[in-house]
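Student: If you're matching positions, the sequence shown starts at 326 in the numbering used here and goes up one per residue. All C-beta atoms, glycine included, are put in the ideal place defined by N, C-alpha and C.
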Amino acid sequence: MSFFHAVAEHGFLQWVLLAGLLAALGSGVVGTLVVLKRVSFMAGGIAHAVLGGMGVAQWLGGSPLVGATVAAVLAALLIGWLTRRGREREDMLIGAIWAVGMAVGILAIARTPGYQSELMSYLLGNLLLVGREQVLAMVALDAALLLALALLWRPLVAALFDEEFARARGLPVQALQQGLLVMIALAVVVLVQAVGLVLVLALLTLPAATALRLGRTMGAAMGLAVAVAATEIVAGLALAYEADAPAGAVIVVLAALAYLATLVRRRA
326 MSFFHAVAEH
336 GFLQWVLLAG
346 LLAALGSGVV
356 GTLVVLKRVS
366 FMAGGIAHAV
376 LGGMGVAQWL
386 GGSPLVGATV
396 AAVLAALLIG
406 WLTRRGRERE
416 DMLIGAIWAV
426 GMAVGILAIA
436 RTPGYQSELM
446 SYLLGNLLLV
456 GREQVLAMVA
466 LDAALLLALA
476 LLWRPLVAAL
486 FDEEFARARG
496 LPVQALQQGL
506 LVMIALAVVV
516 LVQAVGLVLV
526 LALLTLPAAT
536 ALRLGRTMGA
546 AMGLAVAVAA
556 TEIVAGLALA
566 YEADAPAGAV
576 IVVLAALAYL
586 ATLVRRRA
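#1: Given a threshold of 16 other Cβ atoms within 10 Å of its Cβ, counted over all protein chains shown, does S352 qualify as buried or as exposed?
#2: Mark I431 as exposed unless 16 or more other C-beta atoms lie within 10 angstroms of its C-beta, in which case mark it buried.
#3: Nearest by alpha-carbon distance to L454: which of A333, S365, V381, G521 is it?
#4: Across the region 359–375 and the region 417–429, are there enough close Cβ pairs to call them in contact, namely three or more that are closer than 8 Å?
#5: Which of helix, strand or coil does DSSP assign to T587?
#6: Judging by CA-CA distance, which residue of L338, V354, I509 is the nearest neighbour of A547?
#7: Quick check: what's the CA-CA separation for V464 versus L474?
#8: Quick one: is M367 buried, meaning 16 or more other Cβ sit within 10 Å of its Cβ, or exposed?
#9: Provide the residue span of the alpha helix (DSSP H) that contains R436, from first to last.
#10: Alpha carbons only, please: which of V559, L588, Y584, E567 is nearest the one belonging to W340?
#11: Since R457 is in the alpha helix (DSSP H), which residue starts that stretch and which ends it?
#12: Kindly indicate which three-state DSSP category R492 falls into: helix, strand or coil?
#13: Just the C-alpha distance for A533 and L539, rounded to the nearest angstrom, thanks.
#14: Which one of L562, E557, W478, S365 has the shortest CA to CA distance from L579?
#15: CB-CB under 7 Å to V391, same chain, minus the five flanking residues each way: which ones, in chain order?
#16: Could you check if G456 is buried or exposed, using at least 16 other CB atoms within 10 Å of its CB as the buried criterion?
#17: Helix, strand or coil, according to DSSP, for V344 in the structure here?
#18: Going by alpha carbons, who is nearest to G573 out of L529, G369, T542?
#19: Rounding to the nearest angstrom, what Cα-Cα distance links G561 and A519 in this structure?
#20: Out of V460, L418, V513, point me to the one whose CA is closest to L526's CA.
#21: Taking just the CA atoms, how far does L466 sit from D487?
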């Protein structure tokens with residue numbers, strides 16, 4: 326039975342497909358800003374701090390998803406505050422947050438009795454295990470992202486790509502840059518449920534990088550990035566289902582191949 330026939334017959338696969346499309350929305354919208362602003366290392370720091378939140382939440386008997394969201398937002402706020410101070414090297418500070426988040430998560434997992442299958446699915450990614458609860462959480466997170474982007478679009482674009490002009494217009498540049506980091510944090514939580522913590526940075530950047538080589542404006546590139554990510558996720562799910570392979574890894578390989586194809590096309 327093919328993946329698409331299985332989707333028509335099995336309700337749980339319909340949730341999986343919907344989760345993949347929601348992940349594509351977060352990937353394309355926020356990923357475009359990440360690639361244009363060249364803050365992928367910051368996004369990586371936020372992403373890997375998430376493990377600490379998930380591990381502590383599980384250890385305390387709470388929801389790993391709630392822990393992931395809290396940890397991601399706190400990491401975004403901390404990275405923004407530390408980089409504004411400018412007293413230490415930015416890459417060192419982000420690397421420290423990256424490492425400490427992972428370490429706290431590993432310690433919390435080690436202190437939690439039994440095999441933590443839910444945490445492993447967040448760490449390594451297993452989109453085929455996503456259910457109704459996770460999909461509803463992804464809907465809420467994507468809605469928050471789109472609402473923030475709609476409200477802040479013009480000042481955010483000005484602050485991110487022409488800081489002097491934005492300051493001359495009296496825009497709160499630092500607050501808007503901090504807002505971008507919080508948006509990245511929410512997108513990371515959405516994508517962790519699709520491809521896992523290990524591969525989240527790839528899905529946040531590769532579809533957007535592919536789209537930016539094809540789209541002529543930022544808005545067009547953002548829409549194209551959503552379409553590219555959706556295509557890669559659906560194709561990856563279908564291939565993973567047929568081959569009985571990890572869905573997250575297949576999706577990221579397809580995303581890398583698509584980006585490589587645009588590089589080859591540009592040079593041809």
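Tutor: Judging by the given coordinates:
#1: By 1-based counting over the sequence shown, the position of residue 352 is 27. That one is buried.
#2: Here the question's residue 431 lines up with position 106 in the sequence shown. When all chains shown are included, I431 counts as exposed.
#3: In the sequence shown, counting from the first residue as 1, residue 454 sits at position 129. Here the closest residue by C-alpha is G521.
#4: yes
#5: Working through the sequence shown from its first residue, we reach residue 587 at position 262. It is helical.
#6: Against the sequence shown, residue 547 aligns to sequence position 222. Checking the displayed sequence, the identity of residue 547 turns out to be Met instead of Ala. Checking every option, the nearest Cα to that of M547 belongs to V354.
#7: Here the question's residue 464 lines up with position 139 in the sequence shown. Here the question's residue 474 lines up with position 149 in the sequence shown. Their Cα atoms are separated by approximately 15 Å.
#8: As a first step, residue 367 must be located in the sequence shown, where it is residue number 42. With 16 or more other Cβ atoms within 10 Å, it is buried.
#9: Within the sequence shown, numbered from 1, the residue matching residue 436 stands at position 111. Note, R436: alpha helix (DSSP H), 415–436.
#10: In the sequence shown, the residue the question calls residue 340 occupies position 15. Checked all of V559, L588, Y584, E567; the closest Cα to W340 is V559.
#11: In the sequence shown, the residue the question calls residue 457 occupies position 132. It spans 457–486 - the alpha helix (DSSP H) in which R457 sits, taken as one unbroken run.
#12: Within the sequence shown, the letter at position 167 stands for residue 492. Correct three-state label for R492: helix.
#13: In the sequence shown, residue 533 corresponds to position 208, counting from 1. In the sequence shown, residue 539 corresponds to position 214, counting from 1. Each residue's Cα considered, the two are about 10 Å apart.
#14: Residue mapping note: residue 579 aligns to position 254 of the sequence shown, counting from 1. Of the candidates L562, E557, W478, S365, the one whose C-alpha sits nearest the C-alpha of L579 is E557.
#15: As a first step, residue 391 is located in the sequence shown; it is residue number 66 there, counting from the start. Closer than 7 Å at the Cβ level, and outside the excluded window around V391, lie A382.
#16: What you label residue 456 is simply residue 131 of the sequence shown in a count that begins at 1. With fewer than 16 other Cβ atoms within 10 Å, it is exposed.
#17: Here residue 344 refers to the residue found at position 19 when the sequence shown is read from its first residue. Correcting the residue type first, residue 344 is Ala in the shown sequence and not Val. It is helical.
#18: Position 248 of the sequence shown, counted from the first residue, corresponds to residue 573. The shortest Cα separation from G573 among L529, G369, T542 belongs to L529.
#19: The residue you call residue 561 lines up with position 236 of the sequence shown. The residue you call residue 519 lines up with position 194 of the sequence shown. Whole-angstrom Cα-Cα distance: 11 Å.
#20: Numbered from its first residue, the sequence shown carries residue 526 at position 201. The candidate whose alpha carbon is nearest that of L526 is V513.
#21: Counted from its first residue, the sequence shown places residue 487 at position 162. Counted from its first residue, the sequence shown places residue 466 at position 141. Using only the alpha carbons, I get a separation of about 28 Å.
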